[in-house]
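For reference, the structure is listed below as structure tokens.
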Amino acid sequence: MGVTKDDWSKKIKNEVNVERDSPTAKNLLETAISLLRNQVLPNTPVSQKLNLLMISNAMAIAARELNESIELEEATASDLKRLYPDKIQNNIAELNSILSSDIRSGKFDDSDAVYSVLLDNTRRRLEISNPRHLRNSESR
Amino acid sequence: MALGLEKLSGFLSEKAQADCCRIMHFEKMSGGAIQENYALDVVFEGGLLNGSHELVLRTDAPSLVEVSHTRAQEFELLRKAYEAGVMVPEPLWVCLDPSIFERPFYIMRRVKGVAEGHILVKDEAIKTNAEGLLEHLGVQLAKIHSITPESHTFDFLAAPNPTPAIAGVEFFRKCLDRLPGAHPTIEWGLRWLELNSPENVTLVLNHRDYRIGNLMLDNGVLTGILDWEFADWSDYHEDIGWFCARCWRFGNFSLEAGGIGSREAFYRGYTDISGRSIDPAQAFYWEVFAHMRWAVIAIQQGERHVTGGEESLHLALTGRVCAELEWELLRMTGPKKLKTR
Numbered sequence: 024m025g026v027t028k029d030d031w032s033k034k035i036k037n038e039v040n041v042e043r044d045s046p047t048a049k050n051l052l053e054t055a056i057s058l059l060r061n062q063v064l065p066n067t068p069v070s071q072k073l074n075l076l077m078i079s080n081a082m083a084i085a086a087r088e089l090n091e092s093i094e095l096e097e098a099t100a101s102d103l104k105r106l107y108p109d110k111i112q113n114n115i116a117e118l119n120s121i122l123s124s125d126i127r128s129g130k131f132d133d134s135d136a137v138y139s140v141l142l143d144n145t146r147r148r149l150e151i152s153n154p155r156h157l158r159n160s161e162s163r
Numbered sequence: 003m004a005l006g007l008e009k010l011s012g013f014l015s016e017k018a019q020a021d022c023c024r025i026m027h028f029e030k031m032s033g034g035a036i037q038e039n040y041a042l043d044v045v046f047e048g049g050l051l052n053g054s055h056e057l058v059l060r061t062d063a064p065s066l067v068e069v070s071h072t073r074a075q076e077f078e079l080l081r082k083a084y085e086a087g088v089m090v091p092e093p094l095w096v097c098l099d100p101s102i103f104e105r106p107f108y109i110m111r112r113v114k115g116v117a118e119g120h121i122l123v124k125d126e127a128i129k130t131n132a133e134g135l136l137e138h139l140g141v142q143l144a145k146i147h148s149i150t151p152e153s154h155t156f157d158f159l160a161a162p163n164p165t166p167a168i169a170g171v172e173f174f175r176k177c178l179d180r181l182p183g184a185h186p187t188i189e190w191g192l193r194w195l196e197l198n199s200p201e202n203v204t205l206v207l208n209h210r211d212y213r214i215g216n217l218m219l220d221n222g223v224l225t226g227i228l229d230w231e232f233a234d235w236s237d238y239h240e241d242i243g244w245f246c247a248r249c250w251r252f253g254n255f256s257l258e259a260g261g262i263g264s265r266e267a268f269y270r271g272y273t274d275i276s277g278r279s280i281d282p283a284q285a286f287y288w289e290v291f292a293h294m295r296w297a298v299i300a301i302q303q304g305e306r307h308v309t310g311g312e313e314s315l316h317l318a319l320t321g322r323v324c325a326e327l328e329w330e331l332l333r334m335t336g337p338k339k340l341k342t343r
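Residue numbers (this note's numbering), protein chains in the order written: chain F, 24 to 163; chain H, 3 to 343.
So this is what it looks like as structure tokens:
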């Protein structure tokens, strides 16, 4: 078995103590996005506007993921281990695979607990990929 | 490409029985992750089409999605739809000889207008007559659905077994099993689709990508129904669900028919011509199915970028659409909505 989620989490936390240059990667991306949207986009030919919007969207997703990916992985690991208390030695990928098979076989057809785990995980991923969609969706 | 165009002009000239064909303009059109379209302006001297014509050459992109039809098959579908009175660009000729343009292609007439969904849902000309347009789009869909297994045979289309919905679920599972990683939320949606699949099935030819974005509209008027590469036999509610699914409303979520107007207008146009009634429960089922199908395609598109050797920001971002589709799937399929067998 490879590095477990907990090992990886400790490794990241240790690395935080290493000296990092400022501003952070997230700050750099957000500043670059602001420049793109506010100054470059208005002066971009129509034929390239869609490309520029895709670039700024990709950078915005990456910035949010930099900020939230550790929390996402920790929350997912915690949810999955709650569903499978006898499989705490398995990593996230393995538990996701087991959960997928169990759902496919009908083991969780009436499970509010599984539905709730899936909803929470998808909400967290959507916070990264498209938070505006989440806001629109929850307000309807 | 000069040599290619000489051969192409020879092909066109022969098909139009013209003395000669001059290609005045030839340019790749935007869009099309699976197919490539080229705008083609030609002048025929003599023959069946003497004079100037605006045409489109449609061919495969270098990378194919396995579920889409070949150009020859798509041409056949387009021809049958045209004969059934469906508003499609008139298909003219198909060419399977790779020496003409390296890949098989077909030629159709070029229709005017815009087919970008995000632009069309804000279009003022559409807003002023959205209900009339939607009725017309319902009528057009009914005409497509007038093509049935009883009236037509296509060598490359087989009746889905055991039902279109279950065949779809099995196909999606096979797709997932070939992709890296696990997708528990997609599996949840597939299980719901399996348990809730409709028992009553009326097979008709479904376009299977009938939505704003594949309909060419000029000043609020339909000029052509495009992109027939996924057409297949299915229950008639599949196209209705695809058109009305929330994921194809381009942000205009309250306008349930394609993000441009009311579901009632679209349904009215459809039922008046087809004589079929629309079952709300079946329409809902196929809206869930639409989100699933789009989610599986989105995962596949993302993988084309990540592992398929096709570096593309457009494909990469399509992969990230999956989270919102999964979110919608979950909102439509809570555990209380599961039926037991």
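The beta-carbon is built from N, C-alpha and C at its ideal position, and this holds for glycine as well.
Hey, would you say residue i sits closer than 8 Å to residue j, going by beta carbons?
i                 : j                 : result
Leu122 of chain F : Leu103 of chain F : yes
Ser57 of chain H  : Arg24 of chain H  : At residue 57 of chain H the sequence reads Leu, which differs from the Ser that was named. No, these two residues do not count as a Cβ contact at 8 Å.
Met334 of chain H : Phe174 of chain H : no
Gly226 of chain H : Val96 of chain H  : no
Trp235 of chain H : Arg213 of chain H : no
Arg105 of chain H : Asp62 of chain H  : yes
Arg193 of chain H : Arg43 of chain F  : no
Leu94 of chain H  : Pro151 of chain H : no
Gly263 of chain H : Ala86 of chain H  : no
Leu76 of chain F  : Lys49 of chain F  : no
Using 8 Å as the limit for Cβ to Cβ distance, is residue i near chain F?
i                 : result
Leu315 of chain H : yes
Glu2 of chain H   : The structure shown has nothing for residue 2 of chain H, since chain H only spans 3 to 343.
Pro346 of chain H : Because chain H is modelled from 3 through 343, residue 346 of chain H falls outside the range shown and cannot be assessed.
Pro282 of chain H : no
Phe255 of chain H : yes
Ala325 of chain H : yes
Glu328 of chain H : yes
Gly215 of chain H : no
Ala344 of chain H : Because chain H spans 3 through 343 in this model, residue 344 of chain H falls outside it and cannot be assessed.
Gly311 of chain H : no
Ala20 of chain H  : no
Leu195 of chain H : no
Ala318 of chain H : yes
Glu16 of chain H  : no
By the three-class DSSP mapping on this structure, what secondary structure does residue i have?
i                 : result
Trp288 of chain H : helix
Phe156 of chain H : coil
Asp281 of chain H : coil
Ser236 of chain H : strand
His27 of chain H  : strand
Pro337 of chain H : helix
Ala86 of chain H  : coil
Asp132 of chain F : coil
Val116 of chain H : strand
His307 of chain H : helix
Leu51 of chain H  : coil
Met24 of chain F  : Caution applies to Met24 of chain F, whose pLDDT of 44 falls short of 50 and renders its modelled position unreliable; the value that the coordinates give is listed next. Here Met24 of chain F sits in coil by DSSP.
Asn114 of chain F : coil
Thr61 of chain H  : strand
Ile301 of chain H : helix
Asp43 of chain H  : strand
Gly263 of chain H : strand
Gln19 of chain H  : coil
Arg43 of chain F  : coil
Phe77 of chain H  : helix
Tyr107 of chain F : coil
State buried or exposed for residue i, treating a residue as buried only when at least 16 other CB atoms are found within 10 Å of its CB.
i                 : result
Leu98 of chain H  : exposed
Glu231 of chain H : buried
Gln19 of chain H  : exposed
Gln71 of chain F  : exposed
Asp229 of chain H : buried
Gln303 of chain H : buried
Thr158 of chain H : Inspection of the sequence shows that residue 158 of chain H is occupied by Phe rather than by Thr. Classification for Phe158 of chain H: exposed.
Ser57 of chain F  : exposed
Ile301 of chain H : buried
Gly311 of chain H : exposed
Phe255 of chain H : exposed
Glu29 of chain H  : exposed
Using a Cβ-Cβ cut-off of 8 Å, state whether residue i counts as contacting chain H.
i                 : result
Ser120 of chain F : yes
Ser101 of chain F : no
Gln145 of chain F : The amino acid at residue 145 of chain F is misidentified as Gln; the sequence shows Thr. So yes, Thr145 of chain F belongs to the interface.
Ile93 of chain F  : no
Gly25 of chain F  : Its pLDDT being 49, under 50, Gly25 of chain F is placed unreliably in this model, and the coordinates cannot settle the point.
Met82 of chain F  : no
Ile56 of chain F  : no
Arg87 of chain F  : no
Ser152 of chain F : yes
Practice task
Give, in chain order, every unbroken run of the alpha helix (DSSP H) that is at least 4 residues long and sits entirely within the stretch 140-225 of chain H.
Solution key: 166-180, 186-197
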